[in-house]
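Residue numbers (the numbering used here): 1281 to 1555.
The beta carbon of each residue, even a glycine, is placed where N, CA and C say it ideally should be.
Given the structure is predicted, the values throughout are model-derived calculations rather than measurements.
Have a look at the structure below before the remarks.
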Amino acid sequence: MELEILNELKFVDTNFIITRLYKLIEEKLSKPAIKRSYLANISNFFNSRHDQLHDIAPYTNIYYNQTDIDKLFKSLQLEEKEVINILQNVWFWKESYRPKCAKEPYVEVMMCIIRFFLKNNDRKNAELSTIYLCFSGKFYASIYSSFWKYPVNKQVMDFVMNGMLTNKFDIKSAGTLFNAIKKMCITFLNKYNQRILDNKLTDDEMGKLIQQLRDREKSFLGNIYTEYRKAVDNKAYLNYETDNLDTDVFRITDNDAATAARLTEGAMTIMTTQA
């Protein structure tokens, strides 16, 4: 049995992502017109979802579909099939591998794009590209749906945001969902900048970098969801009835007195922001 497990753990790593896929992306983005097209595409993506991205809480899922993938490849003048032809050589392509999204062509393309901008000392666009990746389907949309199986109750979420979360939560200190994800991406790039730029980076190591980024986002959303579930279980939510705006109108359960004490101090601030 031990021999079987050891055999399963053995693999011969490859480095096709850096030696072949990255070179393809570098060739594309080295052309000013393609670089402009790519940046215009991610700008359009952010603008089309502006209200959701700049909300103060994750009220809704932010979807990313095949149309968005097609637009990304089109902006790079790149065919998805070209990327697949390269990735098919990666050792884990036909294996059960974590993270699964490391076998998603656009995810590997985005990692190469991030590397390109870091290599060219363009930190701003490296950050924007990382943020874009974090709001893509294999990241935000997938993680969000794994937590919130049903639509978010806004009153409950507002109760969580205004009464249960402290500034230790990035969503609270950053002010918006976009800024919180941006902060997370900056921390990720600060820590892994040199590894991303390593010319000897293997395909498995790239996969682990993708896992690191995704795990950070999963933890970020998971921490919010944990507090949301507590509020749901306690039937706690903000009451928006207009005839009660001059009072502390938090609706809470009888056994949630501790939360009530914390909320009372912030009640007027919350009601002012709703005006």
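Beta-carbon gap between residue i and residue j smaller than 8 Å
i, j, result
"residue 1333", "residue 1458", "yes"
"residue 1494", "residue 1385", "no"
"residue 1373", "residue 1383", "yes"
"residue 1417", "residue 1324", "no"
"residue 1469", "residue 1406", "yes"
"residue 1412", "residue 1390", "yes"
Residue i: first and last residue of the uninterrupted alpha helix (DSSP H) it sits in
i, result
"residue 1516", "Careful: residue 1516 lies outside any alpha helix (DSSP H) and carries neither H nor E."
"residue 1363", "1360-1367"
"residue 1459", "1457-1477"
"residue 1387", "1385-1399"
"residue 1330", "1330-1333"
"residue 1291", "Segment: none, residue 1291 is in no alpha helix (DSSP H) and carries neither H nor E."
"residue 1454", "1450-1454"
"residue 1407", "1403-1414"
"residue 1437", "1434-1439"
Burial state of residue i (16 or more Cβ within 10 Å)
i, result
"residue 1315", "buried"
"residue 1311", "exposed"
"residue 1395", "buried"
"residue 1364", "exposed"
"residue 1409", "buried"
"residue 1483", "buried"
"residue 1375", "exposed"
"residue 1515", "exposed"
"residue 1309", "buried"
Sequence-distant residues of its chain with Cβ nearer than 6 Å to residue i (five each side left out)
i, result
"residue 1357", "1314"
"residue 1351", "1321"
Cutoff 7 Å; reference residue i; Cβ partners in own chain excluding five residues on either side
i, result
"residue 1292", "1371"
"residue 1476", "1394, 1395, 1398, 1489"
Beta-carbon proximity list for residue i, same chain, < 8 Å, skipping 5 on both sides
i, result
"residue 1441", "1336, 1337, 1451, 1452"
message = Counting beta carbon pairs with one atom in the segment 1461-1470 and one in the segment 1334-1348, are three or more of them shorter than 8 Å?
response = The answer is no - the segment 1461-1470 does not touch the segment 1334-1348, with fewer than three Cβ pairs under 8 Å.
ask   = Should the segment 1506-1521 be called in touch with the segment 1433-1449, which here means at least 3 C-beta pairs below 8 Å?
value = yes
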